[in-house]
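Notes follow the structure.
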Amino acid sequence: MAGRVAIRAQPVLGSGGGDSVPLALLPGRLLDEELLPAWLPALGAMAARAGLEGWGWGRRPVIITSSNFGVGSLYAHRHGDKDPRHLEHGTPTSSVELVRGSLGWGPDITVISHACVSAHLGLLQASRRIAAGVADEVLVFSYDFLSPFVTGGFHALKILNEGFPAPYQVRETGSIALGDGAAFAVLTAARGDFQLIAQNVFNEHHHFTANDPSGSGFHRVLQGIVPALQGRRVWLKGHGTGTLEAGRLEAEAFATLFPDSPLVGWKGSLGHTLGSCGLVELAIVAQSMRTGRAPGTVGTRAPCFTSNVATEPFALGAADAAICAGNAFGGAHAVLALSHA
Amino acid sequence: MHDLYIQAVTSEEPGSETPATARERLKPLFPPGSARRMTHLGMLMGAVLSPLSPCEDDAIVYLSQFGESRTLEAYLDSFPTASPLQFQTSIHPSGVQQLFIGRHMPVGQFYPMAGDRQLVAQGLLTAALTGASRTLLCGGEERGSWLLECDCASSETFAFAVALTSERGEGAALGKIRLERGPLEEGLSLRAWARLLHARSAYSGPSGSGWRLTLEWF
Numbered sequence: 001m002a003g004r005v006a007i008r009a010q011p012v013l014g015s016g017g018g019d020s021v022p023l024a025l026l027p028g029r030l031l032d033e034e035l036l037p038a039w040l041p042a043l044g045a046m047a048a049r050a051g052l053e054g055w056g057w058g059r060r061p062v063i064i065t066s067s068n069f070g071v072g073s074l075y076a077h078r079h080g081d082k083d084p085r086h087l088e089h090g091t092p093t094s095s096v097e098l099v100r101g102s103l104g105w106g107p108d109i110t111v112i113s114h115a116c117v118s119a120h121l122g123l124l125q126a127s128r129r130i131a132a133g134v135a136d137e138v139l140v141f142s143y144d145f146l147s148p149f150v151t152g153g154f155h156a157l158k159i160l161n162e163g164f165p166a167p168y169q170v171r172e173t174g175s176i177a178l179g180d181g182a183a184f185a186v187l188t189a190a191r192g193d194f195q196l197i198a199q200n201v202f203n204e205h206h207h208f209t210a211n212d213p214s215g216s217g218f219h220r221v222l223q224g225i226v227p228a229l230q231g232r233r234v235w236l237k238g239h240g241t242g243t244l245e246a247g248r249l250e251a252e253a254f255a256t257l258f259p260d261s262p263l264v265g266w267k268g269s270l271g272h273t274l275g276s277c278g279l280v281e282l283a284i285v286a287q288s289m290r291t292g293r294a295p296g297t298v299g300t301r302a303p304c305f306t307s308n309v310a311t312e313p314f315a316l317g318a319a320d321a322a323i324c325a326g327n328a329f330g331g332a333h334a335v336l337a338l339s340h341a
Numbered sequence: 001m002h003d004l005y006i007q008a009v010t011s012e013e014p015g016s017e018t019p020a021t022a023r024e025r026l027k028p029l030f031p032p033g034s035a036r037r038m039t040h041l042g043m044l045m046g047a048v049l050s051p052l053s054p055c056e057d058d059a060i061v062y063l064s065q066f067g068e069s070r071t072l073e074a075y076l077d078s079f080p081t082a083s084p085l086q087f088q089t090s091i092h093p094s095g096v097q098q099l100f101i102g103r104h105m106p107v108g109q110f111y112p113m114a115g116d117r118q119l120v121a122q123g124l125l126t127a128a129l130t131g132a133s134r135t136l137l138c139g140g141e142e143r144g145s146w147l148l149e150c151d152c153a154s155s156e157t158f159a160f161a162v163a164l165t166s167e168r169g170e171g172a173a174l175g176k177i178r179l180e181r182g183p184l185e186e187g188l189s190l191r192a193w194a195r196l197l198h199a200r201s202a203y204s205g206p207s208g209s210g211w212r213l214t215l216e217w218f
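So the protein lines, in turn, are chains A and B. Under the numbering used here, the first residue of the first sequence carries the number 1, and numbering increases by one thereafter. Under the numbering used here, the first residue of the second sequence carries the number 1, and numbering increases by one thereafter.
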């Protein structure tokens, strides 16, 4: 909320060295996975603070979303200390079982993995289960922790480089940062401070790592929620990783459909928390709506792709809803709109 | 209680066929440019989905416990010079995305899911709630190599796709799935579910996570 930058330049392969790239790791955590993942106590502490007990039974199911799960343990087994015990939680299923067992949840767990829109999909599925009367309340819980597996991959794609991200800024080279991230939301039908007033998804399937140059995917997903926002004043939290083409297409789509709304992206502070970014950044959106003030686009300076990019913190004023967007490999798009209940 | 009608079903049960043999057998199904870049699991998923003529309005629900095991192995072995192609195709939804990206075919709803003994029930529940006029529930696994030796990959290769609707419709529906609340018992594995579809066998029993599943064929 203070607009500080959590990312630091670190070797892309951890103890394996390599180029310095911007990463935001949990305090004291190393990129190399440990036998019992060092992030597990942090998840436990988050769950304990929030009193997340008794979930995963009956009409209180859990939806877990992630793009990484325990894949850092597979990397540690293959390239680190090669201890076979890493393999006990290297697959999505075994990683979820580690988390479920650690937090004492029941067996009613749904696992969704759609790269960087995973958390958005979890929220959508939770909404549907409540609307259908299948559940009284749903816990959507997301975690993604970095490892050389994922940092090496984005570095190979050349978008994780020595530069720090400046989402939506006109510049010569695009750069992203990656970050550890975990967050949760409890969705109910009958109570709460905030309301999901619209959700939509779309998969353009133009290319694995590039969007349709027309920007059609960004427009299509946003157009699906426009009817639900009639008469509202909205502000915009974009995906904004720091890549140039996707950032320009996203900013232009927002500026076309919501020309009077300020646009921010926060991955210049947190890094891209991958499959969990939809929930991690939703938590900041909710806190912004509580305080009436949103952080600006950390790391970005003018000139920007569109004039509505807010580089400084701003008062929400009369805005009564926020739009939160995400996108992912394969041209996957997801969006939601949040208002006060 | 959720009822889903089976309008079409396809499956791949290649037994001990090697990935190289499968590639030769399946590559005529795909444009040459995209077949070259497709993974083994991607080809299998393409082979079961293509006959169902997927379209933009279909919702796709994809189930796989292990996903792209062989690409994951190859990507891990590519370090320290990580392969960008293997990285992007090692992600969980890649097995289905490869078909649609090869055709530049958008779809509105796509839900890739993982898990073990709850996966079938949760996938069917997700399919029942898409609101789409037709939902394609698909899934599969590929036999791993060194990840299998570590119990981190499937020991068998298979794939399936089933076209589901919430109404029986005027056409010749093949069968019906009913998902209803049931006792907390261990559910069907994805492998067992794929076998039921392939053999068109009936089933009535637990499906995991407190759900009971009934599969009948007309």
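Glycine included, every Cβ here is placed at the ideal spot set by N, Cα and C.
The C-beta of Cys55 (chain B) comes no closer than 9 Å to any C-beta of chain A. DSSP lists B:Tyr5, B:Glu216 as the bridge partner or partners of Lys176 (chain B).
If you ignore the 5 residues before and after Leu263 (chain A), its C-beta comes within less than 6 Å of the C-beta of Leu236, Gly238, Phe254, Asn308, Val309, all in its own chain and listed in chain order. Taken through DSSP and simplified to helix, strand or coil, Arg290 (chain A) comes out as helix. Under a 10 Å Cβ-count criterion, His104 (chain B) is classified as exposed, with fewer than 16 other Cβ atoms of the shown protein chains found around its own Cβ.
At least 9 Å separates the CB of Gly174 (chain A) from every CB of chain B. Cys324 (chain A) has its alpha-carbon roughly 19 Å from the corresponding atom of Pro165 (chain A). Ranked by Cα distance from Ala322 (chain A), the first of A:Val170, A:Gly181, A:Ala332, A:Ala228 is A:Ala228. Around the beta-carbon of Gln109 (chain B), 16 or more other beta-carbon atoms lie within 10 Å, marking it buried.
If you ignore the 5 residues before and after Gly70 (chain A), its C-beta comes within less than 6 Å of the C-beta of His89, Gly90, Ser95, all in its own chain and listed in chain order. Pro295 (chain A) is classed as buried because its beta carbon has at least 16 other beta carbons within 10 Å across all chains shown. A buried status is given to Thr243 (chain A), since no fewer than 16 other beta-carbon atoms sit within 10 Å of its beta-carbon.
Counting the other Cβ atoms within 10 Å of the Cβ of His40 (chain B) gives 16 or more, which makes it buried. Annotation: Thr241 (chain A) has no Cβ neighbours in chain B at a cutoff of 7 Å; minimum Cβ distance is about 15 Å. What Ser83 (chain B) touches in chain A, judged by beta-carbon distance under 8 Å, is Ala156, going in chain order. Against chain A, a Cβ distance below 9 Å from Thr165 (chain B) picks out nothing, because the smallest value is about 17 Å.
Listed in chain order, the non-local C-beta contacts of Ser113 (chain A) below 8 Å within the same chain comprise Thr65, Ser66, Ser67, Phe69, Pro92, Gly275, local neighbours out to five positions each way being set aside.
Taking a C-beta distance under 9 Å as the contact criterion, Thr10 (chain B) and Phe218 (chain B) do not qualify as a contact pair. Cβ atoms of Asp58 (chain B) and Thr135 (chain B) come within 8 Å of each other, at about 7 Å.
As summarised for the region 183–236 of chain A, the continuous beta strand (DSSP E) elements at least 3 residues long and confined to that stretch are 194–203, given in chain order.
Beyond the five residues adjoining it in sequence on each side, Ala286 (chain A) comes within less than 8 Å, by CB distance, of Asp193, Phe194, Leu338 in the same chain, given in chain order. For Phe30 (chain B), the closest Cβ of chain A is not nearer than 9 Å. In this structure, Ala183 (chain A) lies away from Leu121 (chain A), with their beta-carbon atoms at least 9 Å apart. Using a CB distance cut-off of 9 Å, Ser20 (chain A) does not count as an interface residue toward chain B.
With a minimum length of 3 residues, the unbroken runs of beta strand (DSSP E) contained wholly in the region 116–176 of chain A fall at 137–144.
Taking Pro32 (chain B) as reference, the option from B:Met1, B:Leu99, B:Phe87 with the minimal CA-CA separation is B:Leu99. When secondary structure is reduced to three states using DSSP, Phe79 (chain B) falls in the coil class, being assigned neither helix nor strand. Spanning the alpha carbons of Arg233 (chain A) and Ser261 (chain A) requires a straight line of approximately 8 Å. Within chain B, the C-beta atoms nearer than 8 Å to that of Ser67 (chain A) come from Ile91, His92, in chain order. Rounded to whole angstroms, Gly80 (chain A) and His86 (chain A) show a C-alpha spacing of 10 Å. At a beta-carbon threshold of 7 Å, none of the residues of chain A lie near His198 (chain B); the nearest stands roughly 23 Å away. Within chain A, Pro92, Thr93, Val111, Ser113 have C-beta atoms less than 7 Å from the C-beta of Ala114 (chain B), given in sequence order.
DSSP places Thr89 (chain B) inside the alpha helix (DSSP H), whose first and last residues are 84–89. Arg129 (chain A) and Glu24 (chain B) have their C-alpha atoms some 43 Å from each other. Take the alpha-carbon of Gln230 (chain A) and the one of Arg181 (chain B): they are about 39 Å apart.
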